[in-house]
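Quick notes on the structure that follows.
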Amino acid sequence: MQLNLGDLLEGRYRIEAPIARGGMSTVYRCVDTRLGRNVAAKVMHEEYAGDPIFAQRFRREARSMAHLSHPNLVGVYDFNSDGDHVFLIMELITGGTLRELLAERGAMPDYAASAVMRSVLTGLAAVHNAGMVHRDLKPDNILIDGNHQVKLSDFGLVRAASASQGKSNQIVGTVAYLSPEQVSGDDITTASDVYSAGIVLFELLTGTTPFNGDTPLKHAYARLDADVPKPSSRIDGVPKLMDELVATATARDPKDRFKNADEFLTALGDVASELQFPAFTVPVPQNAAAHRAAANMDDSKLTGMVTTDLPRSEQPMADEADDADNDKTAIVPPTPPAPVKPAETAILNETSVLDPFAADPFADPTPYQQPGAQPQAQLHNPPPGQSPWAKPSQPQQSPWPDPSQP
């Protein structure tokens, strides 16, 4: 049953505006009427809400998430069910996602990528030290609040989804960031998160992910046969030490990687010291889904309607449309499959674990623009062969100014 403006979850959380929708849930901006504060409600879709196996695992994972309190983790306040709705109540982040920041500004200079990853790995270390594995680390699940604080969200939800009926022999995750062992069906450990974090670092430095394929299945299996390339092979200006950091984090054999987020964080700190990276404040995305939800909430008080065009994660599969994005969240078999007949590709249904404020991670990366709104920040496209963070000629400014310069 669809939730409408003004509906109450559990008689307490009033729906103010939708923020985003994905294959697993819809996220709403809400007001906790008991405490008088704004929160985010992640409401699971019916296929999950009606699954007793998922509901049991969801409660277990949500309880673990609620026990974690850390500046680099999105706070989890409550979880429950109300009729047909199973939901999670979380801290409302009024900034945006790392995906949205990349869409606005493009690939990052090394010192900016380092600053983001320090916060990401600090939050991930808290998850690992609590005995948990995130399983779906990606820019869509990395949030930046209005105070420039980087926070992880959705840790534990993939584990709950993978326990759902009909999915016990499949892997749930986002193809571009899957570790080799997630694809092959081997044990998933903290080193699996390290691999995904290494892919995120690669993407921050280059603006792209390392692998691709004609279908999500081919994309997933690409990492079993090839190493992640050096970021410097994709873009000029990446130091050798950053190449080596990515290589260690994304080694195909988990035993050759950093064991956990703490080890990765220590190595990153050593590289930052060696390269003398300047202090850097991570900017807040300017055209984020959370901003649009807040604006539409204000409009709805006058009109009684919510008009947000929700970001979606319901794109056609790669073999169904020429322009489909291969970096989509998918369920893939845990063991190498036999040759796949066209009819058998139905197993690759999309099942996104949606970050609370992400725009669709598989559609055009340009953020949604409200009619009449100011244009978003434009990317700086340098001449061929020139680093995207090289200082452009005036009057244009780099989207990633060097903080060491006046």
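1 is the number of the first residue of the sequence shown in full-length UniProt numbering; add one for each residue after it.
The beta carbon of each residue, even a glycine, is placed where N, CA and C say it ideally should be.
Item                                                                                                                       : Value
Residues bridged to residue 89 [DSSP beta-bridge criterion]                                                                : 41 and 78
Three-way DSSP call (helix, strand, coil) for residue 127 in this model                                                    : helix
C-alpha distance - residue 77 paired with residue 66, whole-angstrom precision                                             : 6 angstroms
Straight-line Cα distance separating residue 196 from residue 136                                                          : 8 angstroms
The beta strand (DSSP E) enclosing residue 282, as first and last residue numbers                                          : Element bounds for residue 282: n/a, residue is neither H nor E.
Cβ shell of residue 203 (< 6 angstroms), same chain only, five flanking positions each side left out                       : 209
Span of the alpha helix (DSSP H), counted from its first residue to its last, around residue 57                            : 52-67
Neighbourhood of residue 44 by C-beta, 6 angstroms cutoff - its chain only, sequence neighbours within 5 removed           : 25 and 86
N- and C-terminal bounds of the alpha helix (DSSP H) containing residue 184                                                : 180-184
Bridge partners - residue 32, DSSP secondary structure assignment                                                          : 13 and 37
Residue 304 (DSSP reduced to helix, strand or coil)                                                                        : Note on residue 304: pLDDT 37, under 50, position unreliable in the model; the coordinate value appears next. Of the three classes helix, strand and coil, the one that applies to residue 304 here is coil, per DSSP.
Contact belief for residue 17 with residue 29 at Cβ below 8 angstroms, rounded distance in angstroms                       : 5 angstroms
Through-space distance from residue 64 to residue 231, alpha-carbon basis                                                  : 36 angstroms
Candidates 121, 52 and 129, of which the one nearest residue 139 by Cα                                                     : 121
Residue 122 - DSSP class collapsed to helix/strand/coil                                                                    : helix
Test item: CB-CB of residue 13 and residue 27 under 9 angstroms                                                            : no
Residue 186 vs residue 180 beta-carbon contact at 9 angstroms                                                              : yes
C-beta atoms of residue 115 and residue 248 nearer than 9 angstroms                                                        : no
Residue burial classification, residue 224 (beta-carbon count within 10 angstroms, cutoff 16)                              : exposed
Coil, strand or helix - residue 8 by DSSP                                                                                  : strand
Option nearest residue 127 by Cα separation, candidates 193, 48, 256 and 59                                                : 193
Sequence-distant residues of the same chain with beta carbon closer than 6 angstroms to residue 39, five excluded per side : 30, 32, 89 and 92
Rounded separation between residue 275 and residue 79 - CA only                                                            : 44 angstroms
Local conformation of residue 194 per DSSP, three classes                                                                  : helix
Alpha-carbon spacing of residue 4 relative to residue 271, whole angstroms                                                 : 50 angstroms
Min CB distance residue 237 to chain B below 9 angstroms                                                                   : No chain B is present in this structure, which holds just one protein chain.
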